[in-house]
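J.: The structure follows.
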Amino acid sequence: MKRALLAVLGILVAGCPPKQVATPPVVDTLAKTTAVTPAGDSVAPSVPKLRLPRNFLPTSYTARLEIDPARTDFTGSIAIAGVINQTSSGLWLHGHGLKIHKATATKESSEVPLTVTAHGNELLELRPARALDAGEWTLMIDYAGTFDLISTTGAFRQTVRDGSYVYTQLEALFARRVFPCLDEPDNKVPWKLTLDVPAKLVAVSNTPVVSEVALPEGKKRVEFARSKPLPTYLIAFGVGPFDIVDAGNSKGGTPVRIVTLAKRAADAAYAAKTVTKLLDLTEEWFGTPYPYEKLDILTIPVTTGFGAMENAGLITFTETLMLFDARSSLSARYWWIVVAAHEIAHQWFGNLVTMVYWDDIWLNEGFANWLQYKTTAKFEPGWHDEDSVLRVRDGALSADSLVSARQIHQPIAVEHDVLNVFDGITYNKGASVLAMFETYVGPDVFQRGVRDYLAARAYGNATSTDFVAAIAKASGNDILVAAFATFLDQPGTPEITATLSCQSSPSLTLSQQRYVPPGAPAPRATKPWILPVCVAYDRDGKRAEACGMLDGPTGTIALAAKACPRWVMPNVNGRGYYRNAFTPAQLIALRDEAWKQLTWTERRSLVLDTKTGAYTGKTPLALALSFVPKLLAGADRFTVPPALEIATGLDEVVPRELRGKYEAYLRRTFGPGAARAGLTATATDDLDIEQTRAALIGAVAWTARDPKLVAEAVKLAEQWRDLPQSIRGLVLSVAVDASPALFDRILRDVKTEPDRSRRGEMFAALGGVRDVTRQSRVLPLVLDPKVDIRETSTLLYAGSEDATRANAQQFFDAHRAKILERYPKDATTLSVADLSYIFTATCKAD
Numbered sequence: 000m001k002r003a004l005l006a007v008l009g010i011l012v013a014g015c016p017p018k019q020v021a022t023p024p025v026v027d028t029l030a031k032t033t034a035v036t037p038a039g040d041s042v043a044p045s046v047p048k049l050r051l052p053r054n055f056l057p058t059s060y061t062a063r064l065e066i067d068p069a070r071t072d073f074t075g076s077i078a079i080a081g082v083i084n085q086t087s088s089g090l091w092l093h094g095h096g097l098k099i100h101k102a103t104a105t106k107e108s109s110e111v112p113l114t115v116t117a118h119g120n121e122l123l124e125l126r127p128a129r130a131l132d133a134g135e136w137t138l139m140i141d142y143a144g145t146f147d148l149i150s151t152t153g154a155f156r157q158t159v160r161d162g163s164y165v166y167t168q169l170e171a172l173f174a175r176r177v178f179p180c181l182d183e184p185d186n187k188v189p190w191k192l193t194l195d196v197p198a199k200l201v202a203v204s205n206t207p208v209v210s211e212v213a214l215p216e217g218k219k220r221v222e223f224a225r226s227k228p229l230p231t232y233l234i235a236f237g238v239g240p241f242d243i244v245d246a247g248n249s250k251g252g253t254p255v256r257i258v259t260l261a262k263r264a265a266d267a268a269y270a271a272k273t274v275t276k277l278l279d280l281t282e283e284w285f286g287t288p289y290p291y292e293k294l295d296i297l298t299i300p301v302t303t304g305f306g307a308m309e310n311a312g313l314i315t316f317t318e319t320l321m322l323f324d325a326r327s328s329l330s331a332r333y334w335w336i337v338v339a340a341h342e343i344a345h346q347w348f349g350n351l352v353t354m355v356y357w358d359d360i361w362l363n364e365g366f367a368n369w370l371q372y373k374t375t376a377k378f379e380p381g382w383h384d385e386d387s388v389l390r391v392r393d394g395a396l397s398a399d400s401l402v403s404a405r406q407i408h409q410p411i412a413v414e415h416d417v418l419n420v421f422d423g424i425t426y427n428k429g430a431s432v433l434a435m436f437e438t439y440v441g442p443d444v445f446q447r448g449v450r451d452y453l454a455a456r457a458y459g460n461a462t463s464t465d466f467v468a469a470i471a472k473a474s475g476n477d478i479l480v481a482a483f484a485t486f487l488d489q490p491g492t493p494e495i496t497a498t499l500s501c502q503s504s505p506s507l508t509l510s511q512q513r514y515v516p517p518g519a520p521a522p523r524a525t526k527p528w529i530l531p532v533c534v535a536y537d538r539d540g541k542r543a544e545a546c547g548m549l550d551g552p553t554g555t556i557a558l559a560a561k562a563c564p565r566w567v568m569p570n571v572n573g574r575g576y577y578r579n580a581f582t583p584a585q586l587i588a589l590r591d592e593a594w595k596q597l598t599w600t601e602r603r604s605l606v607l608d609t610k611t612g613a614y615t616g617k618t619p620l621a622l623a624l625s626f627v628p629k630l631l632a633g634a635d636r637f638t639v640p641p642a643l644e645i646a647t648g649l650d651e652v653v654p655r656e657l658r659g660k661y662e663a664y665l666r667r668t669f670g671p672g673a674a675r676a677g678l679t680a681t682a683t684d685d686l687d688i689e690q691t692r693a694a695l696i697g698a699v700a701w702t703a704r705d706p707k708l709v710a711e712a713v714k715l716a717e718q719w720r721d722l723p724q725s726i727r728g729l730v731l732s733v734a735v736d737a738s739p740a741l742f743d744r745i746l747r748d749v750k751t752e753p754d755r756s757r758r759g760e761m762f763a764a765l766g767g768v769r770d771v772t773r774q775s776r777v778l779p780l781v782l783d784p785k786v787d788i789r790e791t792s793t794l795l796y797a798g799s800e801d802a803t804r805a806n807a808q809q810f811f812d813a814h815r816a817k818i819l820e821r822y823p824k825d826a827t828t829l830s831v832a833d834l835s836y837i838f839t840a841t842c843k844a845d
């Protein structure tokens, strides 16, 4: 979703209105024009550099579009009611790729022609035939646009076996590709949408249908109810031969439906069975009813740059996230629950209350990322999913450790920056900081602050300042305002060093600094973080806890113990957003003395910090590896993966002459667990078994190349399509790498495989082959017009060996122009942006 915004100055000369309204010439918004000079006392804002001028603010939109998925273009008309707050001879809207046929401004009985001029790729200047006086006006615009066929942005068309469909994706800057509009989130007003569509198709949007009227030529007009106030990026619609599955009503009475692809209703059964419960759980947490009239979940065949989108009343999901057959894995269903919980949370946090501008997008995404795990844990307590925040926190700390890391509350200088803020800092650091402060003030107090914040700003906009003030008020602790600011308004990962002192009474001296990897240049100076620190420690043989607020470079926490504690764990339950700098002696004490008294979340947090220390050379590798047996005893998806990460993270740095010993170590350490798990799923598998099996088999069969498991995988792969999804992709990858005959078969069949999920597994297996000769036969698929380029991202950067990485880069360099021409341009994933992995992987090897 990368798109430059170019703008050029333009102002209108005032004049007298003609007796008849003239139709201006067709304007292509990709054209560029030069500025004109204002006259008189009216306001004519110059070309916007970022935000639109405020001399015209909308109060409602009424739009009618003609949408036919059999075509490549669409037509539309829109009425933008609003207020001109001072006499104006120039107005500005957003518009991208639209052809304006006619535009007028009306006020009571007055109608003034508007000349529309495109500036750059994103802006429309509207010049009235005479200056428009202050008051209520309606801008009437007739226009046409085109459907995107590759990037899933704006209005886009997709064709599958049973028909063609049109969908929308308007976040963050893409509403302007469908409507001339004021495409900024604080322009939050009601919308009234009408779609003219082929009579046999189904049309859905944010609100319920209020009427359907037959039109000539086999068409119908579908009118939707007027919406609650919404920003432009949350408007959505879909048109196609959909199947509709009734998912019942929520406890609050909201009707819920699954709107899915033709002949796929059966595959939507699990989504239909679970989505209403997720809505109920989210309503319960917020303490207020779902804020819209209905909830539809809409299936999209393939997406780029997003997997799901929280459009008010019409949440969209890519097909592979929500459609399941009998062999679909528990993990796939689990991720449906997690992502659905995320998008439903947005209906309150983001939709009901929307950020004023994109610099506060963390309020939407960080909050939804945080709440999704709470909701998932309530949905299925056995998953213990609230503790997934540890995984989120570790990813955020790693990204935040870069010298180039940005802050959460990131100033937006140009529109490029809007698309850049949809990253791990926004989602994962935002969620982790919320988890830390929720732990500090207490869950009930935090929840009350959130509810007060939403109640005060329902159907409006808010900022980070508003949110933090609500939490501080609920807690009665004003230090939270300053504490939040140290995490929102500066980048970086805090690193805490804890030093135990027992000279008089036991105490723990804490010091903080910004963590950066060894060898990195010095980062710019940051203020000390104000952060809550809770420690667990040995109090005369029993576990105890103590907390304090570290508000300077150093601080002290008193420990209520008679004897000097044998161990200290300086991050209770891993909820603090910081790394711990452990000494070897501290790690040994935690491993040998404290392990049984640590919560399993603390064990994982400890090992995640130890893993980072080992990777950067701060922790002896042998000491880090000594935690592996401890973790393997847990045998669940939260403890086995960190053990594997410590060991398999060495894969790319082990010298060739030590490769055999390294693989033998992996087989010796993880082989017994892999053998117990086996390659065959059973009816009694739960989520932990399924995910740990895949992780263990991956380490032993793929990384360590265990001959027995590889041979078994090759045998199973003869009928790979019939394997359970939980193991299918991994078995196929191992077998395709090991068997040239199977490789030939998969390379032959990938173009004709009808199932999108299985096709993705085939591309992943082909992209992962470690033989350069075979890889060279795979790479041309990215140039094949019969192959959807959006499904081939693994082919160019999945190479796991120095030779295959170099080969992929060489291929890319030789065919760069053709590849870039085919790839989606306006997305951050499954797009041109993904190609950076080729170069970063090669740099990593060097």
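Residue numbers (numbering that gives the first Met the number 0): 0 to 845.
Virtual Cβ for every residue (Gly too), placed ideally from N, Cα, C.
Just so we're clear, the structure is a prediction, and the values are computed from it rather than from any experiment.
1) Can you tell me which of the three DSSP states residue 725 falls into?
2) Please return the same chain residues whose Cβ sits closer than 6 Å to the Cβ of residue 176, not counting the five positions on each side in sequence.
3) Do you know how far the Cα of residue 122 is from the Cα of residue 31?
4) Rounded to whole angstroms, what's the CA-CA distance from residue 158 to residue 194? Just pull it up for me.
5) Return the CA-CA distance between residue 542 and residue 431, expressed in angstroms with no decimal places.
6) Could you tell me which whole beta strand (DSSP E) segments of length 3 or greater appear in the segment 246–333?
7) Distance check for residue 815 and residue 804, CA to CA, integer angstroms please.
8) Once you ignore the five residues that flank residue 698 on each side, which residues in its own chain have a CB closer than 8 Å to its CB?
9) With contact counted as at least three CB pairs below 8 Å, one residue from each stretch, are the segment 185–192 and the segment 326–342 in contact?
10) Are three or more beta carbon pairs between the segment 54–69 and the segment 192–211 nearer than 8 Å?
11) Could you please give me the residues that DSSP links to residue 190 through a beta bridge?
12) Measuring CA to CA, which of 174, 654, 225 and 164 is closest to residue 199?
13) Hey, would you say residue 57 sits closer than 9 Å to residue 180, going by beta carbons?
14) Applying the criterion that 16 or more other CB atoms from any shown protein chain within 10 Å of the CB defines a buried residue, is residue 400 buried or exposed?
15) Is the distance from the Cβ of residue 373 to the Cβ of residue 576 below 9 Å?
16) How big is the Cα-Cα spacing for residue 325 and residue 824?
17) With a threshold of 16 other CB atoms inside 10 Å of the CB of residue 237, please say whether the residue is buried or exposed.
18) Should residue 135 be labelled buried (16 or more other beta-carbon atoms within 10 Å of its own) or exposed?
19) Taking 6 Å as the limit between beta carbons, can you name the residues of its chain near residue 213, skipping five residues before and five after?
20) Beta-carbon within less than 6 Å of residue 201's beta-carbon, same chain only, minus the 5 sequence neighbours each way: which residues are those?
21) What's the gap between the Cα of residue 14 and the Cα of residue 232?
22) Evaluate residue 881 with the Cβ neighbour count: other Cβ atoms within 10 Å of its Cβ, from every protein chain shown; 16 or more gives buried, anything less gives exposed.
23) In terms of residue numbering, what span does the alpha helix (DSSP H) encompassing residue 361 cover?
24) Taking 8 Å as the cut-off, is the C-beta of residue 668 nearer than that to any heavy atom in the ligand GDP?
25) Who are the near neighbours of residue 635 in its chain, counting only those whose CB is closer than 7 Å to its CB and skipping five residues on each side?
26) Helix, strand or coil for residue 580, going by three-state DSSP, please let me know.
27) Where are the alpha helix (DSSP H) runs, 4 residues long or more, that stay fully inside the segment 389–427, in chain order?
28) Going by beta carbon distance, what residues of the same chain come within less than 7 Å of residue 775, once the five residues before and after it are set aside?
29) Per DSSP, residue 554 is paired with what?
30) For residue 375, which of 537, 287 and 388 has the nearest alpha-carbon?
31) Apart from the five residues on each side of it in sequence, which residues of its chain come closer than 8 Å, Cβ to Cβ, to residue 351?
32) Can you tell me where the beta strand (DSSP E) holding residue 542 begins and where it ends?
33) Give the single residue among 301, 435 and 633 whose Cα lies nearest to the Cα of residue 151.
34) Might you give, ordered along the chain, the residues of its own chain that have their beta carbon closer than 6 Å to the beta carbon of residue 211, omitting 5 neighbours on each side?
35) Would you call residue 678 buried or exposed, if buried means 16 or more other Cβ atoms sit within 10 Å of its Cβ?
36) Given a cut-off of 9 Å on the beta-carbon distance, is the pair residue 360 and residue 321 in contact?
T.: The relevant details are as follows:
1) helix
2) 95, 96 and 153
3) Residue placement at residue 31 is flagged as unreliable, the pLDDT there being 33, under the threshold of 50; the coordinate-derived value follows with that caveat. The alpha-carbon atoms of residue 31 and residue 122 are separated by roughly 10 Å.
4) 20 Å
5) 25 Å
6) 254–259, 294–299 and 313–317
7) 16 Å
8) 643, 646, 647, 665, 669 and 673
9) no
10) yes
11) 60
12) 164
13) yes
14) buried
15) no
16) 36 Å
17) buried
18) exposed
19) 219
20) 241
21) At residue 14 the pLDDT is 31, less than 50, meaning the model places this residue with poor confidence; the figure from the coordinates comes in the next sentence. Cα to Cα, the separation comes out at about 35 Å.
22) Residue 881 lies beyond the range of the chain shown here (0 to 845); nothing can be said about it.
23) 361–378
24) The model depicted lacks the ligand GDP and carries no ligand whatsoever.
25) 687 and 691
26) coil
27) 415–419
28) 806
29) 509
30) 388
31) 290, 453, 457 and 458
32) 541–549
33) 301
34) 219 and 221
35) buried
36) no
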